[in-house]
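Engineer:
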Ligand code: B1M
């Protein structure tokens, strides 16, 4: 069933993808299982693009289908848990030069569902905008996403901008996105690397504990 769903997305068949999403929900699959199979489909679509089998227009269509599916899944995820008091405040954004937001949005949704208050700065966010948001919202955690090898170094620029303003030690920083690795995160001076949306929740909870023990 989930393989069929992944393949419908890979084939850019919107009707079939959405029908299978609804069917998977009816059959009791968890939203996150459904999302993971679609994320695998997006990876394959990326490979086809790289090989020249798919074009940029196909990437656009795939992301539209993904977002439509998320419109069905997100309310179900949000319903799973009712938040009483936020456990921490997170600012999140895709770094400058990069407009990929599906992964960032997923991370934001999973954090929200798990009790974090989220401020989403959107995509193509310059370092100064991160700095201003830290001043304005006083977050516990700053999250950055990058999907392009050409934009990943812009994460370092954000950290440098925060250092320059004396704000770096006030927040924990988590980075993620397809080209990012644990080693890269360490090298640029981030506190954590999130491989996917689910583990990022646990990591952010751990970062909150570290912040609390510092106080
Ligand atoms: Co683009 N694109 N794209 N694209 N695109 C990639 C990233 C690419 C790998 C495809 C490929 O060639 N194989 C390639 C990058 C190559 C590289 O840099 N080495 C690429 C390219 C080249 C480009 C353009 C340059 C193409 C062009 O114009 N010639 C262009 C760049 C535009 C720009 O940003 N300036 C471009 C454009 C686009 C679209 C706009 C058409 C569209 C994005 C639409 C959108 O996001 N609204 C698009 C898409 C859809 C993709 C692929 C196919 C899918 C990305 C995706 O949504 N994945 C992608 C292929 C790939 O990634 N392998 C590709 C699903 C999503 C759930 O996964 O985003 O990885 P992901 O997020 C995961 C984790 O990474 C992690 O958790 C998420 C959920 O589990 N994570 C975090 C992400 N952020 C995190 C933050 C965290 C923690 C975890 O903490 C804060």
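Residue numbers (the numbering used here): 1082 to 1296. C-beta: ideal position from N, C-alpha, C; glycine also.
#1: Return the chain-ordered list of same chain residues with a C-beta closer than 6 Å to the C-beta of residue 1211, the five sequence neighbours on each side being excluded.
#2: Determine whether the beta carbon atoms of residue 1235 and residue 1177 lie at a separation below 8 Å.
#3: Go through its chain and collect everything with a Cβ distance to residue 1206's Cβ below 7 Å, but skip five positions before and after it.
#4: Would you mind stating whether residue 1256 and residue 1242 have Cβ atoms separated by less than 8 Å?
#5: Is the beta carbon of residue 1116 closer than 8 Å to that of residue 1105?
#6: Please name the residue in 1245, 1146 and 1227 whose C-alpha comes closest to that of residue 1266.
#7: Could you have a look at residue 1201 and say whether DSSP puts it in helix, strand or coil?
#8: Can you name the start and end residues of the alpha helix (DSSP H) that residue 1125 belongs to?
#9: Classify residue 1190 as helix, strand or coil using the three-state DSSP reduction.
#10: When you compare the CB positions of residue 1089 and residue 1188, do they come within less than 8 Å of one another, or not?
Structural biologist: Based on what the coordinates show:
#1: As a first step, residue 1211 must be located in the chain shown, where it is residue number 130. Hits under 6 Å: 1239.
#2: As a working mapping, residue 1235 is identified with position 154 in the chain shown. As a working mapping, residue 1177 is identified with position 96 in the chain shown. Against a cut-off of 8 Å, the Cβ pair of residue 1177 and residue 1235 comes out as a contact.
#3: Taking the first residue of the chain shown as position 1, residue 1206 is located at position 125. Beyond the five residues adjoining it in sequence on each side, residue 1206 comes within less than 7 Å, by CB distance, of 1174, 1175, 1176 and 1177 in the same chain, given in chain order.
#4: The residue given as residue 1256 occupies position 175 in the chain shown. The residue given as residue 1242 occupies position 161 in the chain shown. Not in contact: residue 1256 and residue 1242 (Cβ atoms no closer than 8 Å).
#5: Mapped onto the chain shown, residue 1105 falls at position 24. Mapped onto the chain shown, residue 1116 falls at position 35. Inclusion of residue 1105 and residue 1116 in the CB contact set at 8 Å is not warranted, their separation being larger than that value.
#6: Here residue 1266 refers to the residue found at position 185 when the chain shown is read from its first residue. Looking at the Cα atoms, 1227 is the closest of the given residues.
#7: The residue given as residue 1201 occupies position 120 in the chain shown. Note: residue 1201 maps to strand in three-state DSSP.
#8: Counting from 1 along the chain shown, the entry for residue 1125 is found at position 44. Where residue 1125 is concerned, the enclosing alpha helix (DSSP H) starts and stops at 1112 to 1131.
#9: Taking the first residue of the chain shown as 1, we reach residue 1190 at position 109. Assignment of residue 1190 by DSSP, reduced to helix, strand and coil, places it in the helix class.
#10: Working through the chain shown from its first residue, we reach residue 1089 at position 8. Working through the chain shown from its first residue, we reach residue 1188 at position 107. With respect to the 8 Å criterion, residue 1089 and residue 1188 are not classified as neighbours on the basis of their beta carbons.
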